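Trainee: Shown below is the structure under consideration.
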Amino acid sequence: MCSLGLVVVIRAFGVVPVDLWVYRDGGRAVLDADPLYAGPLAHGLPFTYPPWAAILFTSLALLAPAAAKLVVLIGNCALAVLAAARTLSTLGRAPVALVLVAASAAVATEAVRTTIHIGQVNLLLLAVILWDLLRPDDRRSKGVGLGLVAGIKLTPMFFVLYLVATRRFRAAITAAGTFLATVVVGFSRSYRPIPPGSGSPGRSSTPAGCTRTPPHRRTSPCTASSYDWADRRPCG
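Under the working numbering, read the sequence shown as residues 1 to 236, first letter to last.
Take a look at the structure:
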């Protein structure tokens, strides 16, 4: 099983990490003070993530493409191991060999394999959510990690409903408050008006296999500039 996981990782060197290029382009747009949502960026693909994500992705934009690909590949492999270890820790102390086998089995699945091959951010979200939600309920900061990663990709906000359903109200409020903070910071640091006549940043298809027709343009003064990213489901 470990050998199969290793094969998946080695094959990643020959795959174009299209989602990673989108992340880097979003970070570069922030560094260059360019509009994030005016249309396709440097690699011809639109940025479909919240502004907070673009701010975090500036670190990737500072690296050379080859270096960014290597860092993300190694990071995703490490995150797969950490996620496996954190999950198995709920059953007691897990041997290192068992953690590696579990991580390799996960890497061999289509979802994780695709995440690694095209440089997606999903394993980072998974690792942070597991770390945060599996902490003791008396930790005052429980929910902060969930809120931070929800600012990168909106899907983790569903776990706020889980916290409410399990009556962990303080953690739910903390997560929601942290998420709102990422929205405020993201908007204040990356807002750039979209030039008149720019095309919709929505894409009709993506390398990750998701399809979506471009959404209608909003006309509200608060959203028409650049924030119809919320209408779309990020595919990486």
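By construction, the Cβ of each residue, glycine as well, lies at the ideal position given by its N, Cα and C atoms.
The structure presented is a predicted model; accordingly, all values stated were derived computationally and were not measured.
Would Ala12 pass as a contact of Leu73 if the rule is Cβ separation under 9 Å?
Mentor: Yes; because the gap between Cβ atoms is below 9 Å, this pair is in contact.
Trainee: Is there a C-beta anywhere in chain B that falls below 9 Å from the one on Val185?
Mentor: The chain labelled as chain B is not found in the depicted structure, where only one protein chain is given.
Trainee: Considering Pro51, what are the terminal residues of the alpha helix (DSSP H) in which it resides?
Mentor: Pro51 -> alpha helix (DSSP H) spans Pro51 to Leu56.
Trainee: Going by DSSP in three states, Gly151 sits in which element: helix, strand or coil?
Mentor: In the structure shown, Gly151 sits in coil (DSSP, three-state: anything other than H, G, I, E or B).
Trainee: Between Thr87 and Leu130, is the Cβ-Cβ spacing less than 9 Å?
Mentor: Result yes, Cβ atoms of Thr87 and Leu130 sit closer than 9 Å.
Trainee: Helix, strand or coil, according to DSSP, for Val16 in the structure here?
Mentor: Correct three-state label for Val16: coil.
Trainee: Going by alpha carbons, who is nearest to Gln120 out of Val71, Phe159 and Thr166?
Mentor: Of the listed residues, the one whose Cα sits closest to Gln120 is Val71.
Trainee: Arg93: beta carbon under 8 Å from a heavy atom of the ligand FAD?
Mentor: As far as ligands go, the structure on display features none, and thus does not contain the ligand FAD.
Trainee: CA-CA distance, Arg140 and Phe179?
Mentor: Between Arg140 and Phe179, the C-alpha separation is close to 16 Å.
Trainee: Near Asp19, which residues of its chain fall below 6 Å by C-beta distance, leaving aside the five closest residues on each side in sequence?
Mentor: Around Asp19: Ile118, Gly119, Gln120 and Gly236.
Trainee: Who are the Cβ neighbours of Tyr23 in its own chain at under 6 Å, not counting the five residues just before and after it?
Mentor: So the list reads Phe57 and Leu60, once near-sequence residues are dropped.
Trainee: Which full runs of the alpha helix (DSSP H) of 4+ residues lie inside the region 45 to 120, going along the chain?
Mentor: DSSP runs (the alpha helix (DSSP H)) wholly in the region 45 to 120: 51 to 56, 58 to 61, 65 to 88, 96 to 107 and 110 to 117.
Trainee: Quick one, which of Ala176, Gly44 and Cys77 has its alpha-carbon nearest Ser104's?
Mentor: Looking at the Cα atoms, Cys77 is the closest of the given residues.
Trainee: Report the residue from Pro136, Val149 and Thr114 whose alpha carbon sits nearest the alpha carbon of Leu124.
Mentor: If we check each option's Cα against that of Leu124, Val149 comes out closest.
Trainee: Measure from the alpha carbon of Val16 to the alpha carbon of each residue in His43, Thr109 and Ala97, then state which is nearest.
Mentor: Ranking His43, Thr109 and Ala97 by Cα distance to Val16 puts His43 first.
Trainee: Can you look up Asp25 in the DSSP assignment and give me helix, strand or coil?
Mentor: Helix, per DSSP.
Trainee: Taking the alpha carbon of Asp132 as the point to measure from, which residue in Leu41, Ala68, Val30 and Pro156 has its own alpha carbon closest?
Mentor: Closest option to Asp132, Cα to Cα, is Pro156.
Trainee: With 16 other CB atoms within 10 Å as the buried threshold, where does Ile55 fall?
Mentor: With 16 or more other Cβ atoms within 10 Å, it is buried.
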